[in-house]
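When we follow numbering that gives the first Met the number 0, the leftmost residue of the sequence shown carries the number 0, and every step to the right adds one.
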Amino acid sequence: MVKLKGIPFPFNSDETLVIPPISLGALEQLQQRISEFAGDVMDGKQVATVIDATYAALKRNYPDITRDRVADLIDVENMAEVFACVMDVSGLKRKAAETGEMTGN
């Protein structure tokens, strides 16, 4: 059972994890990197930002998850959508998922 509501995300056919919004503390630490994020650029800094932000969010519901595990769950295909779930500050995407209005990945 997860502690915080979030967006159920199917990382692969065997594993769906609930991604809660990123905490304000993590946002404060990652703010500079997040503000420089450009989803269309695939460099080491961008990749690390997605991994670190996703790790910070998932750790809220899965305290034993490791950064290495999170890095293995994210791939080029799902990177942008995972990051959008993590940064769902308004909760609109989460509310759509909870009411069944989201379709596919």
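The beta carbon of each residue, even a glycine, is placed where N, CA and C say it ideally should be.
- For a cut-off of 8 Å, the C-beta gap from Leu-57 to Ile-50 is around 10 Å, too long to register as a contact.
- Counting C-beta pairs with one atom in each stretch, the stretch 31 to 48 and the stretch 5 to 16 have fewer than three that are closer than 8 Å, which means they do not touch.
- In this structure, the beta-carbon distance from Val-17 to Asn-77 does not fall below 8 Å.
- Counting every other CB atom within 10 Å of its CB across the protein chains shown gives Gly-5 a total of 16 or more, marking it as buried.
- Under the three-state reduction of DSSP, Glu-14 is assigned to strand.
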